[in-house]
Amino acid sequence: MPELPEVETMRRGVMEAVGRRVESVTVPPCSCRPIAMSPSDRQLDRRMKGRRIDDVDRRGKRLVIVLDNQDRLVIEPRMTGILLVADPPDVDHLRLQIDLSGDGVNRLWFWDRRGLGTVTLYREREYQVAIDQRLGVDALQISTEQLRQKLSSSRRCIKVALLDQSAVAGIGNLYAAEILFAAGVDPRTRCDRLTGPQWRRIHEQIRVILEDAIRHEGSTLSDGTYRNALNDPGGYQNCHRVYDRAGQVCRRCGDGQIRRIVQAQRSTFFCPRCQRRSGLHSTLREDFHSHDRSASLR
């Protein structure tokens with residue numbers, strides 16, 4: 005956390021800052037370990053002061069503030085970072101304050117409880133090399149064929165492969181589990197053993213799950229850390245069907261029990277009855293049959 009839906013929610017929440025000019029950039033007093041920031045706060049203030057915010061973009065799980073000289077301030081929230089226009093949860097974990105001119109939004113806060121987030125100001129060419137060239141196609145823009153080209157020859161398990169940001173940008177541990185559940189695919193299946201229909205279902209559910217999560221403004225888990233730009237919780241945690249539900253009955257098939265395993269040092273949740281390495285469980289067959297048949301004719 006935060007993953008694509010949470011960062012996209014943050015982006016939309018601070019869009020009102022577009023058109024405002026930066027008055028100052030400061031690091032509030034904080035007794036916690038400093039976050040990774042480049043260049044220094046003084047240099048950030050010098051380079052950003054007086055610049056107009058032309059856009060607020062997102063690249064995978066990173067938030068990108070585009071200035072009028074095409075410099076880009078990239079904020080990577082990582083585990084507990086959030087960008088706010090409202091008062092933060094507390095003042096003890098404030099990491100960056102950007103004061104803006106004009107009416108409406110007059111301040112952006114970056115708050116990070118665990119201090120794992122990063123803030124980096126890139127010139128345009130630096131951004132292309134450090135971010136654009138290293139990240140894969142955005143998860144909301146990738147095509148079925150691009151997804152297969154990136155991953156189908158890999159011997160990694162599909163759940164692990166979906167977390168590879170150089171292949172597809174934006175999917176993290178939580179949404180990878182939910183996507184594979186919705187697609188009816190066992191997360192332990194090797195990429196090079198997935199069938200064409202399975203790839204199509206995975207691709208379709210990437211968009212379905214991520215867009216649904218964005219509509220619910222992301223997932224606020226039990227620690228309550230993630231909040232939107234107005235410091236309000238998201239709602240998609242109420243829609244989770246496998247994530248963090250180990251030991252509970254599967255809401256889809258009604259027979260399976262959600263299991264938790266560890267893959268690449270991350271928890272994976274799935275239903276062993278309706279997520280199969282091959283074929284489809286009866287609860288999924290009717291839903292996907294017509295889609296797979298029409299897709300195979302294209």
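Going by our numbering, the sequence shown opens with residue 5, and the numbers climb by one from there. Idealized CB from N, CA, C, for every residue including glycine.
Boundaries (first-last residue) of the beta strand (DSSP E) holding D49:
Note, D49: premise wrong, no beta strand (DSSP E); alpha helix (DSSP H) at 45-52.
Determine the direct distance from the alpha carbon of G140 to that of G258, and round the result to whole angstroms.
So the alpha carbons of these two residues sit roughly 37 Å apart.
Going by beta-carbon coordinates alone, are G64 and G121 separated by less than 7 Å?
no
Cutting at 8 Å between CB atoms, please list the residues of its own chain near L167, excluding the five before and the five after it.
Taking C-beta separations shorter than 8 Å and ignoring five residues to either side along the sequence, the partners of L167 in its chain run I175, G176, N177, A180, A268, R270, following chain order.
Which residues does DSSP pair with L77 in a beta bridge?
I69, L125
Whole alpha helix (DSSP H) runs in the region 97-176 with 4 or more residues, listed along the chain?
128-131, 148-155, 162-166
Is E7 near the ligand COA - that is, is its Cβ less than 6 Å away from at least one heavy atom of it?
No copy of the ligand COA appears in this structure; indeed no ligand is present at all.
Same chain, Cβ closer than 6 Å to A90, five either side skipped, listed in chain order:
L234, N235
Suppose the cutoff is 6 Å on Cβ atoms and the five residues either side in sequence are ignored; what does the same chain contact list for V109 look like?
Spatial neighbours of V109 in its own chain (CB-CB distance under 6 Å, excluding positions within 5 residues in sequence) are listed in chain order as E20, A21, V89.
Sequence-distant residues of the same chain with beta carbon closer than 7 Å to L301, five excluded per side
Annotation note: pLDDT 43 at L301 (below 50); position unreliable, no value reported.
Could you tell me the alpha carbon to alpha carbon distance between R219 and L48, rounded to whole angstroms?
Between R219 and L48, the alpha-carbon positions lie close to 33 Å from each other.
Let's see if you can read the secondary structure: which residues bound the alpha helix (DSSP H) around M14?
8-17
Rounded to whole angstroms, what is the Cα-Cα separation between S226 and T124?
29 Å
To the nearest angstrom, how far is it from the Cα of R56 to the Cα of Q153?
39 Å
Starting from E215, trace the alpha helix (DSSP H) both ways and give me its first and last residue.
200-219
Start and end of the beta strand (DSSP E) containing G85?
85-88
Nearest-angstrom Cα separation, counted from R99 out to P38:
8 Å
Can you tell me whether D259 is helix, strand or coil according to DSSP?
coil
Quickly, what does DSSP pair F273 with across the bridge? List them, please.
R264
Could you compute how far the alpha carbon of A171 sits from the alpha carbon of Q132?
Roughly 16 Å separates the two Cα atoms.
Applying the criterion that 16 or more other CB atoms from any shown protein chain within 10 Å of the CB defines a buried residue, is D94 buried or exposed?
exposed
Alpha carbon to alpha carbon, how far is Q202 from V11?
28 Å
According to DSSP, is A250 part of a helix, a strand, or is it coil?
Coil.
Quick one: give me the first and last residue of the beta strand (DSSP E) that A40 is part of.
40-42
Which residue wins for smallest C-alpha separation from I183, given the options T224, T199, V246, D107?
V246
From the DSSP secondary-structure annotation, give me the bridge partner or partners of T30.
Q101
Cβ separation of R159 and D190, assumed to be a contact under 8 Å, to the nearest whole Å
The pair is not a contact, with the Cβ atoms about 15 Å apart (cut-off 8 Å).
Going by other Cβ atoms of all chains shown within 10 Å of its Cβ, with 16 needed for buried, is C36 buried or exposed?
exposed
Determine the contact status of L275 and C254, defining contact as a CB-CB distance below 7 Å.
Per the sequence shown, residue 275 should be read as Cys rather than Leu. With a cutoff of 7 Å on beta-carbon distance, C275 and C254 are scored as near each other.
Quick one: is N73 buried, meaning 16 or more other Cβ sit within 10 Å of its Cβ, or exposed?
exposed
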